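So in UniProt numbering, spot 58 of the sequence shown is number 58, and the numbers just go up one at a time.
Yeah, the Cβ is synthetic: ideal placement off N, Cα and C, and Gly gets one too.
Note that the structure is predicted; figures quoted are calculated from it, not measured.
Inspection log for the structure reproduced underneath, given as structure tokens.
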Amino acid sequence: MPVVSATTGLHETLAVLTSQLHPDAKHKEDLSFLKDILSEKSLAYLMKIHEKLKQYEKLGPEPVLDSASCLVEDLTEDLQNGPLDDDERELLVLLSAPHLKAVLSAHDTVAQKNFDPVLPPLPEELNDDFEEESVKIVRLVKNKEPLGATIRRDEATGAVIVARIMRGGAADRSGLVHVGDELREVNGKVITHRRPDEISQILSQSQGTITLKIVPAVAEEDRLKESRVYLRALFDYTPFEDKATPCQEAGLPFKRGDILQVVSQEDTTWWQAKKVGDSNLRAALIPSTQFQERRLRYRMKMGSFPHPNSIKVPTCKTIYNIQSSSHTLTFRAQCNLIYPRNNRRDYERKLGLISQKLVSLLS
Numbered sequence: 001m002p003v004v005s006a007t008t009g010l011h012e013t014l015a016v017l018t019s020q021l022h023p024d025a026k027h028k029e030d031l032s033f034l035k036d037i038l039s040e041k042s043l044a045y046l047m048k049i050h051e052k053l054k055q056y057e058k059l060g061p062e063p064v065l066d067s068a069s070c071l072v073e074d075l076t077e078d079l080q081n082g083p084l085d086d087d088e089r090e091l092l093v094l095l096s097a098p099h100l101k102a103v104l105s106a107h108d109t110v111a112q113k114n115f116d117p118v119l120p121p122l123p124e125e126l127n128d129d130f131e132e133e134s135v136k137i138v139r140l141v142k143n144k145e146p147l148g149a150t151i152r153r154d155e156a157t158g159a160v161i162v163a164r165i166m167r168g169g170a171a172d173r174s175g176l177v178h179v180g181d182e183l184r185e186v187n188g189k190v191i192t193h194r195r196p197d198e199i200s201q202i203l204s205q206s207q208g209t210i211t212l213k214i215v216p217a218v219a220e221e222d223r224l225k226e227s228r229v230y231l232r233a234l235f236d237y238t239p240f241e242d243k244a245t246p247c248q249e250a251g252l253p254f255k256r257g258d259i260l261q262v263v264s265q266e267d268t269t270w271w272q273a274k275k276v277g278d279s280n281l282r283a284a285l286i287p288s289t290q291f292q293e294r295r296l297r298y299r300m301k302m303g304s305f306p307h308p309n310s311i312k313v314p315t316c317k318t319i320y321n322i323q324s325s326s327h328t329l330t331f332r333a334q335c336n337l338i339y340p341r342n343n344r345r346d347y348e349r350k351l352g353l354i355s356q357k358l359v360s361l362l363s
């Protein structure tokens, strides 16, 4: 790694650090996230401003006078009250120029360190029930990946609320956005009166740094530890064909037989899950067991799905008489077809995944 001297600027140090970030298969997303932050132009500009201010502090120039504008006004008044020669007349024209007055005004502002804005005075009568609203500014850095959060409209207040945070997404990794937070602005745009689909489009089209103005939830729930619930899918699912999903882009497509790891069951209708063996570490939405069962019952009622009771299969007793004891597994599987409550058509719970170990026999 190149040696950085003591005189090297901070932004040059960041540039060297960025160039030395080597790809790592285990931390690919983390390195990409760090590289995006260090490569931000706004960060480089801030570092340059920081260095200039440090140099300014070392030099420590002190203004000779902090009221140059008043001095020029007095001098102009004296010149106007007396006879003028050519040099004095030229000086009066220069001192009356608007640009020079603006320069002297800026000089006095810096000399007096009058940088803060002037706030209006507080009203004499304050409402005792008034509660100051806490607003925080959150900056997230994301690539082409989704933000990893869904929103909804509060029917009572009309506010835009964060409905869920997808595990492993940009919002989840930041740790700054929580379920229940109220979203006010996105990149300086007020989104209070926009529809949720318009807000989602703004978030999806934003690349690089995203600035959010958020009102934190009154009580933020603790982040739950990652669940170890594994399910085997017993049906195919395509989120883009599901009209009931809250966000089709946030859905997890899977096939029958795929093993899913459920990482969050906070929402009783839509769970967050990941496909085991998939390189994508971000969680996505899948229909919960309860929601899938309700949909199946509705389809059975409407006649678009065969009812389990209409399937004619032999009874357990018949199968037991014709099958030997070595086919107990087959016997149990056939019995499950008889009782609708055990005839799962959504997911099959797995007790856990046991990694296969290689055993070598040496003779």
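| request: Inspect the beta-carbon positions of Ala170 and Lys142 and report whether they are closer than 8 Å. | output: In the sequence shown, residue 170 corresponds to position 170, counting from 1. In the sequence shown, residue 142 corresponds to position 142, counting from 1. In contact: Ala170 and Lys142 (Cβ atoms closer than 8 Å).
| said: Are the CB atoms of Arg153 and Pro196 within a distance shorter than 8 Å? | reply: Position 196 of the sequence shown, counting from 1, holds the residue named residue 196. Position 153 of the sequence shown, counting from 1, holds the residue named residue 153. Note that the C-beta distance between Pro196 and Arg153 is below 8 Å.
| message | Can you find the residues in the same chain that come closer than 8 Å, C-beta to C-beta, to Asp128, ignoring five residues on each side of it along the sequence? | response | Taking the sequence shown and counting its residues from 1, the one referred to as residue 128 is at position 128. Note on Asp128: pLDDT 49, under 50, position unreliable in the model; the coordinate value appears next. Excluding residues within five positions, none has a Cβ falling inside 8 Å.
| request: Would you check if there are 3 or more beta carbon pairs closer than 8 Å linking the region 227 to 237 to the region 198 to 210? | output: no
| task | Could you name the residues that DSSP lists as bridge partners for Ser159? | result | Locating residue 159 in the sequence shown gives position 159, counting from the first residue. The amino acid at residue 159 is misidentified as Ser; the sequence shows Ala. DSSP, once it has assigned bridges, lists no residue as partnering Ala159.
| said: Can you look up Ser310 in the DSSP assignment and give me helix, strand or coil? | reply: Position 310 of the sequence shown, counted from the first residue, corresponds to residue 310. Legend: pLDDT at Ser310 = 48, less than 50; position of this residue unreliable, no value from coordinates given.
| query | Given that a residue counts as buried once 16 or more other Cβ atoms are within 10 Å of its Cβ, and exposed if not, what is Ile137? | reply | The residue labelled residue 137 in the question sits at position 137 within the sequence shown. Burial call: exposed.
| Do you know offhand how far Thr150's Cα is from Pro246's? | Within the sequence shown, the letter at position 150 stands for residue 150. Within the sequence shown, the letter at position 246 stands for residue 246. If you take the alpha carbons of Thr150 and Pro246, they lie about 8 Å apart.
| query | How should Ala178 be labelled, buried or exposed, when 16 other C-beta atoms within 10 angstroms of its C-beta is the threshold for buried? | reply | Indexing the sequence shown from 1 puts residue 178 at position 178. Sequence check: residue 178 is His here, not Ala. The residue is buried, with at least 16 neighbouring Cβ atoms inside 10 Å.
| Rounded distance between the beta-carbons of Gly180 and Ile161, thought under 8 Å | For the purposes of this step, residue 161 is taken as the residue at position 161 of the sequence shown. For the purposes of this step, residue 180 is taken as the residue at position 180 of the sequence shown. The Cβ separation is near 6 Å, so the contact holds.
| For the beta strand (DSSP E) that Thr211 lies in, which residues bound it at each end? | Here residue 211 corresponds to residue number 211 of the sequence shown, with the count starting at 1. DSSP places Thr211 inside the beta strand (DSSP E), whose first and last residues are Gly208 to Val215.
| Contact check, Asp66 vs Ala111 under 8 Å by CB: the rounded distance? | Counting from one through the sequence shown, the residue named residue 66 turns up at place 66. Counting from one through the sequence shown, the residue named residue 111 turns up at place 111. So it is a contact: roughly 4 Å between Cβ atoms.
| query | Counting along the chain, where does the alpha helix (DSSP H) carrying Val252 start and finish? | reply | Position 252 of the sequence shown holds residue 252. Note on identity: in this sequence residue 252 is Leu, with Val being the wrong assignment. It is not in any alpha helix (DSSP H) - Leu252 carries neither H nor E in the DSSP assignment.
| message | Rounded to whole angstroms, what is the Cα-Cα separation between Leu14 and Asp30? | response | Numbered from 1 along the sequence shown, position 14 holds the residue referred to as residue 14. Numbered from 1 along the sequence shown, position 30 holds the residue referred to as residue 30. Spanning the two alpha carbons is a distance of roughly 17 Å.
| the region 265 to 274 in contact with the region 283 to 303 per 3-pair CB rule at 8 Å | yes
| said: Taking a contact to mean a Cβ-Cβ separation below 8 Å, would you say Leu231 touches Leu212 in this structure? | reply: The sequence position of residue 231 within the sequence shown is 231, counting from 1. The sequence position of residue 212 within the sequence shown is 212, counting from 1. Result no, Cβ atoms of Leu231 and Leu212 do not sit closer than 8 Å.
| Between which two residues does the beta strand (DSSP E) containing Ala233 stretch? | Your numbering for residue 233 matches position 233 in the sequence shown. Where Ala233 is concerned, the enclosing beta strand (DSSP E) stretches over Val229 to Ala233.
| task | Kindly list the residues whose CB is nearer than 6 Å to the CB of Leu94, restricted to its own chain and excluding five residues on each side of it in sequence; keep chain order. | result | Locating residue 94 in the sequence shown gives position 94, where the first residue counts as 1. Excluding sequence neighbours, Leu94 sits near nothing in its chain.
| said: Going by DSSP, what residue range makes up the alpha helix (DSSP H) through Arg139? | reply: Here residue 139 refers to the residue found at position 139 of the sequence shown. In the DSSP assignment, Arg139 falls outside any alpha helix (DSSP H) and within the unbroken beta strand (DSSP E) covering Lys136 to Lys142.
| Which residues mark the beginning and the end of the beta strand (DSSP E) in which Ala44 is found? | Indexing the sequence shown from 1 puts residue 44 at position 44. For Ala44, there is no enclosing beta strand (DSSP E); the enclosing alpha helix (DSSP H) covers residues Lys41 to Leu59.
| Length of the line joining the Cα atoms of Gln261 and Tyr45 | If you number the sequence shown from 1, residue 261 lands on position 261. If you number the sequence shown from 1, residue 45 lands on position 45. The alpha-carbon atoms of Gln261 and Tyr45 are separated by roughly 43 Å.
| field | Cβ-Cβ distance between Leu92 and Leu79 below 8 Å | value | Here residue 92 is taken as the residue at index 92 of the sequence shown, counted from 1. Here residue 79 is taken as the residue at index 79 of the sequence shown, counted from 1. For Leu92 and Leu79, yes; Cβs fall inside 8 Å.
| What are the partner residues of Leu260, as DSSP defines its beta bridges? | Here residue 260 is taken as the residue at index 260 of the sequence shown, counted from 1. The partner list for Leu260 (beta bridge, DSSP) reads Leu231 and Lys275.
| task | Taking 8 Å as the cut-off, decide whether the C-beta atoms of Ala284 and Gly251 are in contact. | result | Walking along the sequence shown from the start, residue 284 turns up at place 284. Walking along the sequence shown from the start, residue 251 turns up at place 251. It is a contact, given that the beta carbons lie within the stated cut-off.
| message | With H, G and I counted as helix, E and B as strand and the rest as coil, what does DSSP make of residue 393? | response | In the structure as shown, the chain begins at 1 and stops at 363. Residue 393 is therefore absent and cannot be evaluated.
| message | Excluding the 5 residues flanking Gln248 on each side, which residues of the same chain have their C-beta closer than 8 Å to its C-beta? | response | Against the sequence shown, residue 248 aligns to sequence position 248. The answer, listed in chain order, is Pro239, Phe240 and Asp242.
| task | List the residues that DSSP assigns as beta-bridge partners of Pro287. | result | On the sequence shown, position 287 is the one that residue 287 refers to. Answer by DSSP bridge pairing, in chain order: Trp270.
| query | Out of curiosity, what's the CA-to-CA distance linking Glu348 and Gly175? | reply | On the sequence shown, residue 348 is found 348 positions in, with the first residue counted as 1. On the sequence shown, residue 175 is found 175 positions in, with the first residue counted as 1. As the crow flies, the alpha-carbon of Glu348 is around 32 Å from that of Gly175.
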